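Colleague: Read in order, the letters of the sequence shown correspond to residues -3 to 320 in our numbering.
Dropping the structure in here first, questions after.
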Amino acid sequence: MITTMVGNYPKISPDAKAPSLRTAINRFDEGRISLDDLKRVEDEVTQEVIQDQVDAGLDLVTDGQIRWDDGQTYFARGITGYTINGLIRYFDTNTYYRHPIPEQKLQSNGGISVKDFEFAAANSQRPVKAVITGPYTLARLSQLGCYDDLRSLVMDLAGILNREARALQAAGATVIQLDEPSILKHKDDADLFAEAIECVVDGITATKALCTYFGDASGIHRRLFGLPVDLVGLDFVMGPANFDLVADLPEDKMLGCGIVDARNTRAETAEEIAETIRRLAATVPMDRLHVNPSCGLDFLPRPNARAKLVRLVEGAKLAQGSAS
-3 MITTMVGNYP KISPDAKAPS LRTAINRFDE GRISLDDLKR VEDEVTQEVI QDQVDAGLDL
57 VTDGQIRWDD GQTYFARGIT GYTINGLIRY FDTNTYYRHP IPEQKLQSNG GISVKDFEFA
117 AANSQRPVKA VITGPYTLAR LSQLGCYDDL RSLVMDLAGI LNREARALQA AGATVIQLDE
177 PSILKHKDDA DLFAEAIECV VDGITATKAL CTYFGDASGI HRRLFGLPVD LVGLDFVMGP
237 ANFDLVADLP EDKMLGCGIV DARNTRAETA EEIAETIRRL AATVPMDRLH VNPSCGLDFL
297 PRPNARAKLV RLVEGAKLAQ GSAS
């Protein structure tokens, strides 16, 4: 069993050793510090959040997405043809993101996240997972702009993000996660979604993880399970129906288990987490489980997020101990 993160981690902390990232961003926007100064602060905060994950005992960490404004803007800014519009609500959360608009046909502009991945890998005592916002979700959270239909936008993004995945693989990424929460809100697009995922993972030999959250996969779960990925991640907090669906998971697939509520400050007990793992392990063996929060932890204050990860690891150890 692997303990891991989904993606983002709180950027700001009251007890942070690194300089305040928010202050640095404000000073940069005001022209009071240089871009190099801002990047130094981002480096320090990234190192700090990686260490938080390592200290919590995670087996597989992320860079915390400290340099990301949000999942959409981060990649859209690196793709030629996009402009960034005003704020819009991110799903049903109390957070907002800037709406990307393709004003001309989108084109790859090189490895968007490669340098960030390389920095994280060089500053982590544990393996680092690369995370990419998937083409369907990026398209759904964009405006159509110059595109006549959703399919054209999705498939252009799929080709661009395939090059991103290949660049990350060449940089040493052994696990590449595609974040695709939007498909759970638009299940009628399962055919288009499948075509896009097949395009993104073409030529990728690294472990390919498809991560969904903010709901359950009922009605499309067999389609998700049949995609050419190695792991399918499900949200068991906001999608309790997923507990019944995992009986259909093929034996050659791993299961990403979003079992800690990443949108609630309450810290689950180790026993509660262990019990959920045991429930899942009755269907999918523990050696095929990746256990993690239900989504990114950036919705929480840093101390709460850190406590969630500590409990996650404690619960995993407890479940493994009772199974031995």
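Think of the CB as a built atom: it goes at the ideal place given N, C-alpha and C, for glycine as much as any other residue.
Quick caveat, the model's predicted, so the values are computed rather than measured.
1. Skipping 5 residues on each side, what residues in its chain have a beta carbon closer than 6 Å to that of A186?
2. Contact check, G3 vs T91 under 8 Å by CB: the rounded distance?
3. Which runs of the alpha helix (DSSP H), 4 residues or longer, sit entirely within the region 67 to 104?
4. Is it buried or exposed, R298, if we count other Cβ atoms within 10 angstroms and call 16 or more buried?
5. Under 8 Å, do G235 and G211 count as touching if we go by C-beta distance?
6. Check whether the region 147 to 167 touches the region 97 to 106, taking contact to mean three or more Cβ pairs, one atom from each stretch, closer than 8 Å.
7. Which stretch, first to last residue, makes up the alpha helix (DSSP H) that contains T272?
8. Is there a Cβ from chain D that is less than 8 Å from the Cβ of K7?
9. Using a Cβ-Cβ cut-off of 6 Å (strictly less than) and excluding sequence neighbours within five positions of T79, which residues of its own chain qualify?
10. Near L174, what residues of its chain come up, given a Cβ to Cβ distance below 6 Å and the 5 sequence neighbours on each side ignored?
11. Taking the alpha carbon of A237 as the reference point, which residue from V50, I255, G106, A266 has its own alpha carbon closest?
12. In the structure shown, what three-state DSSP assignment does Q173 receive?
13. Which runs of the beta strand (DSSP E), 3 residues or longer, sit entirely within the region 129 to 217?
14. Excluding sequence positions up to five away, which residues of its chain have a Cβ less than 8 Å from the Cβ of V50?
15. Given a threshold of 16 other Cβ atoms within 10 Å of its Cβ, counted over all protein chains shown, does R302 qualify as buried or as exposed?
16. Of all the options S290, D240, F239, which has the alpha carbon lying nearest to the alpha carbon of T327?
17. Determine the closest residue to T170 out of T201, D145, A52, with distance taken between C-alpha atoms.
18. Return helix, strand or coil for A303, following the three-state DSSP convention.
19. So is N288 buried or exposed if we call it buried at 16+ other beta carbons inside 10 Å?
20. Nearest-angstrom Cα distance between E40 and W64?
21. Please say whether E264 and R307 have beta carbons closer to each other than 8 Å?
22. Quick one: give me the first and last residue of the beta strand (DSSP E) that V228 is part of.
23. Taking C-beta to C-beta, are I8 and L17 nearer than 8 Å?
24. Considering only residues of the same chain and omitting the five flanking positions on each side of D244, which have a CB-CB separation below 7 Å?
25. Could you have a look at I255 and say whether DSSP puts it in helix, strand or coil?
Modeller: Well, looking at it:
1. Residue mapping note: residue 186 aligns to position 190 of the sequence shown, counting from 1. If the five residues before and after A186 are omitted, its C-beta is found closer than 6 Å to the C-beta atoms of I216, R219, all from its own chain and listed in chain order.
2. As a position in the sequence shown, residue 3 is number 7, starting the count at 1. As a position in the sequence shown, residue 91 is number 95, starting the count at 1. About 14 Å separates the two Cβ atoms, so there is no contact after all.
3. Counting whole runs of 4 or more residues, the region 67 to 104 contains the alpha helix (DSSP H) stretches 67 to 72.
4. Position 302 of the sequence shown, counting from 1, holds the residue named residue 298. Residue burial is scored here from C-beta neighbours: R298 has at least 16 other C-beta atoms within 10 angstroms and is therefore classed as buried.
5. Here the question's residue 235 lines up with position 239 in the sequence shown. Here the question's residue 211 lines up with position 215 in the sequence shown. The answer is yes: Cβ separation under 8 Å.
6. Because the criterion of three Cβ pairs below 8 Å is met, the region 147 to 167 and the region 97 to 106 touch.
7. Taking the sequence shown and counting its residues from 1, one reaches residue 272 at position 276. Run containing T272: 266 to 277, per the alpha helix (DSSP H) assignment.
8. Considering every chain present, this structure includes no chain D. It has just one protein chain.
9. Indexing the sequence shown from 1 puts residue 79 at position 83. Same-chain partners within the cutoff: I97, E99.
10. Along the sequence shown, one-based indexing puts residue 174 at 178. Cβ neighbours of L174 within its own chain (closer than 6 Å, five residues either side excluded): I128, G130, L206.
11. Here residue 237 corresponds to residue number 241 of the sequence shown, with the count starting at 1. Selected option, being the one with the closest Cα: I255.
12. Residue 173 sits at position 177 when you count from the first residue of the sequence shown. Look at Q173 here: in three-state DSSP terms it is strand.
13. Unbroken beta strand (DSSP E) runs of no fewer than 3 residues, entirely contained in the region 129 to 217, are found at 171 to 175, 203 to 207, following chain order.
14. For the purposes of this step, residue 50 is taken as the residue at position 54 of the sequence shown. Same-chain partners within the cutoff: V57, S120, Q121, R122.
15. The residue you call residue 302 lines up with position 306 of the sequence shown. Buried.
16. Because the chain spans -3 through 320 in this model, residue 327 falls outside it and cannot be assessed.
17. One-based indexing of the sequence shown puts residue 170 at position 174. Measuring from the Cα of T170, the nearest candidate turns out to be T201.
18. Working through the sequence shown from its first residue, we reach residue 303 at position 307. It is helical.
19. Locating residue 288 in the sequence shown gives position 292, where the first residue counts as 1. With 16 or more other Cβ atoms from the protein chains shown falling within 10 Å of its own Cβ, N288 counts as buried.
20. Residue mapping note: residue 40 aligns to position 44 of the sequence shown, counting from 1. Residue mapping note: residue 64 aligns to position 68 of the sequence shown, counting from 1. Looking at the two C-alpha atoms, the distance is approximately 15 Å.
21. Stepping through the sequence shown from its first residue, residue 307 is reached at position 311. Stepping through the sequence shown from its first residue, residue 264 is reached at position 268. Using a Cβ distance threshold of 8 Å, R307 and E264 count as a contacting pair.
22. Position 232 of the sequence shown, counted from the start, is the residue given in the question as residue 228. Following the DSSP letters along the chain, one finds V228 inside the beta strand (DSSP E) bounded by residues 227 to 231.
23. If you number the sequence shown from 1, residue 8 lands on position 12. If you number the sequence shown from 1, residue 17 lands on position 21. Yes.
24. Position 248 of the sequence shown, counted from the first residue, corresponds to residue 244. Cβ contact annotation for D244 (same chain, cutoff 7 Å, sequence separation greater than five): H217, R218, F221, in chain order.
25. For the purposes of this step, residue 255 is identified with residue 259 of the sequence shown, where counting begins at 1. It is a strand residue.
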